[in-house]
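K.L.:
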Amino acid sequence: MGRDGRPPPGPQPVLPEPLLRDAAPGYLDNNERARIGGTAWFPDALDELTVPHRRLPGPLVRHRPPPGAHPLYRLADYLEQHARTERTLVCPPASFWDAAVRHAHTPDELTALGQQAEIRGRYRHAVHCYQRASAAGDAYALFLLAERRNGAGDHESAAQLYQQATDAGHADALLDLARLREEGSDHQSAQRLARQATPASANPLMYLAELRMQAGDHRRAEQLYLHAADAGDTRALEGLARLREQAGDRHGAERLRRFGLTAAGDVEEPWT
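Using our numbering, you'd call the opening residue of the sequence shown number 11 and step up by one each time.
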């Protein structure tokens, strides 16, 4: 169980005793629960896990807590190394997530825990973590919560959260809000937001055009590339050429690269 309390690679974590106590039942099967019974099993288990054996420490090593704090434990180094390689893709039981969420306190802890829950498909726990972290002022947690809402199809809530993350200082949230508006066919808002989010040297029309390309919306991508070309972005010609190649018009793509566009947005005739 303790090895499932690991965050992503970084400093060796310490685990408070109440977290271990709350999470432990999920690691026991019915026979084990029936066998241990009573109330003393958990202290006895901790004593057994911390006893050295053949000059090696037990699986858990006691860690000195701050004055007045609960007892702390960390994994023995050999078990920590094993856990990083053998249990990376093992998903802990529900009791672990419930306990970990309950005993995480800082926004960084909650956000990291939420990400670990999310990559394992435990979205309810991930959302709970992000909500608590964002309530404490974590802009990145707001962004992750917006991503999760968007992934669940709740686009309006996602848009509100992207805006809140932007207001809280998260740099990427405004571009994602622009993407959301573009996907919802609110092209005017999308262009306005992308213009706010991109540096002065970049063309927001190109960003939106690439998004539509990735989504397979070639007609809208072509419109945006044409607008970008009219605004003086020469990269738009390559985007238009790629569209023609994907449509099977290799000759038209090559002509576009060689001769450019007319004022009407058509491929220019050969000129000398």
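Here a beta-carbon is modelled for each residue, glycine too, at the ideal position from N, C-alpha and C.
What you are looking at is a predicted structure, and each value in this text was computed from that prediction instead of being measured.
Can you grab the Cα-Cα spacing for the pair Gln141 / Leu152, in whole Å?
P.N.:
Residue numbering aside, residue 141 sits at position 131 when the sequence shown is read from its first letter. Residue numbering aside, residue 152 sits at position 142 when the sequence shown is read from its first letter. Those two C-alpha atoms are separated by around 8 Å.
K.L.:
Looking only at its own chain, which residues have a Cβ that is under 8 Å from the Cβ of Asp243, when we skip the five neighbours before and after it?
P.N.:
Taking the sequence shown and counting its residues from 1, the one referred to as residue 243 is at position 233. Result list for Asp243: Asn213, Leu215, Met216, in chain order.
K.L.:
Between the Cα of Glu90 and the Cα atoms of Ala79, Ser105, Phe106, Leu70, which residue gives the shortest distance?
P.N.:
Locating residue 90 in the sequence shown gives position 80, counting from the first residue. Nearest option by C-alpha distance: Leu70.
K.L.:
If we count the other Cβ atoms within 10 Å of its Cβ and call it buried at 16 or more, is Ala241 buried or exposed?
P.N.:
The residue given as residue 241 occupies position 231 in the sequence shown. Exposed: under 16 other Cβ atoms inside 10 Å.
K.L.:
Quick one: is Trp281 buried, meaning 16 or more other Cβ sit within 10 Å of its Cβ, or exposed?
P.N.:
For the purposes of this step, residue 281 is identified with residue 271 of the sequence shown, where counting begins at 1. Classification for Trp281: exposed.
K.L.:
Looking only at C-alpha atoms, which of Leu154, Asn160, Gln201, Gly163 sits nearest to Ala181?
P.N.:
Along the sequence shown, read from residue 1 onward, the residue named residue 181 stands at position 171. Ranking the options by Cα distance to Ala181, first place goes to Leu154.
K.L.:
Once the 5 residues before and after Pro62 are set aside, which same chain residues still bring their CB inside 8 Å of it?
P.N.:
Residue 62 sits at position 52 when you count from the first residue of the sequence shown. The answer, listed in chain order, is Gly68.
K.L.:
Relative to the C-alpha of Ala109, which candidate in Gly262, His138, Ala238 has its C-alpha closest?
P.N.:
Taking the sequence shown and counting its residues from 1, the one referred to as residue 109 is at position 99. Of Gly262, His138, Ala238, the residue nearest in Cα terms is His138.
K.L.:
With DSSP run on the structure shown, which of helix, strand or coil describes Leu203?
P.N.:
Reading the sequence shown from its first residue, position 193 is the one you call residue 203. Three-state result, Leu203: helix.
K.L.:
Taking the alpha-carbon positions, what's the Ala183 to Thr208 distance?
P.N.:
Residue 183 sits at position 173 when you count from the first residue of the sequence shown. Residue 208 sits at position 198 when you count from the first residue of the sequence shown. Their backbone Cα atoms lie some 12 Å apart in a straight line.
K.L.:
Beta carbon of Gly275, beta carbon of Leu236: below 7 Å?
P.N.:
Taking the first residue of the sequence shown as position 1, residue 275 is located at position 265. Taking the first residue of the sequence shown as position 1, residue 236 is located at position 226. Going by C-beta atoms, Gly275 is nearer than 7 Å to Leu236.
K.L.:
Determine the closest residue to Arg9 out of Ala50, Ala257, Gly258, Ala251, with distance taken between C-alpha atoms.
P.N.:
The requested residue 9 is not part of the displayed model; the chain covers only 11 to 282.
K.L.:
Just how far apart, CA to CA, sit Leu247 and Glu192?
P.N.:
One-based indexing of the sequence shown puts residue 247 at position 237. One-based indexing of the sequence shown puts residue 192 at position 182. Taking the straight line from one Cα to the other gives about 21 Å.
K.L.:
For Arg72, which residues does DSSP report across the bridge?
P.N.:
Within the sequence shown, numbered from 1, the residue matching residue 72 stands at position 62. Arg72 pairs with Tyr83.
K.L.:
Just grab the DSSP bridge partners of His63 for me.
P.N.:
Stepping through the sequence shown from its first residue, residue 63 is reached at position 53. DSSP output for His63 lists Leu66 as bridge partner(s).
K.L.:
Hey, out of Asp39, Gly262, Trp51, whose CA is closest to Arg31's CA?
P.N.:
Sequence index remark: in the sequence shown, residue 31 carries index 21 (1-based). Answer by Cα proximity: Trp51.
K.L.:
Please go through the same chain and pick out, in chain order, the residues whose beta-carbon is closer than 8 Å to the beta-carbon of Gly147, but skip the five residues on each side of it.
P.N.:
Against the sequence shown, residue 147 aligns to sequence position 137. Taken in chain order, the residues that qualify are Pro117, Ala178.
K.L.:
Would you identify the three-state DSSP class for Leu38, choosing helix, strand or coil?
P.N.:
Your numbering for residue 38 matches position 28 in the sequence shown. Three-state DSSP puts Leu38 in coil, outside helix and strand.
K.L.:
Determine the burial state of Pro18: buried for a count of at least 16 other Cβ atoms within 10 Å of its Cβ, exposed for fewer.
P.N.:
Translated into the one-based positions of the sequence shown, residue 18 becomes position 8. Any reading at Pro18 is ruled out, since the residue's pLDDT is 43, under 50, leaving its predicted position unreliable.
K.L.:
Could you have a look at Asp103 and say whether DSSP puts it in helix, strand or coil?
P.N.:
Here residue 103 refers to the residue found at position 93 of the sequence shown. A small correction: the amino acid at residue 103 is Pro; Asp does not occupy that position in the sequence shown. Note: Pro103 maps to coil in three-state DSSP.
K.L.:
Looking only at C-alpha atoms, which of Glu119, Pro103, Ala149 sits nearest to Arg132?
P.N.:
Your numbering for residue 132 matches position 122 in the sequence shown. Cα-wise, what sits closest to Arg132 is Pro103.
K.L.:
Let me know if Ala79 comes out buried or exposed under the rule of 16 or more other beta-carbons within 10 Å of its beta-carbon.
P.N.:
As a first step, residue 79 must be located in the sequence shown, where it is residue number 69. That one is exposed.
K.L.:
Nearest-angstrom Cα distance between Thr60 and Ala34?
P.N.:
In the sequence shown, the residue the question calls residue 60 occupies position 50. In the sequence shown, the residue the question calls residue 34 occupies position 24. Near 16 Å, if we compare the C-alpha coordinates of Ala34 and Thr60.
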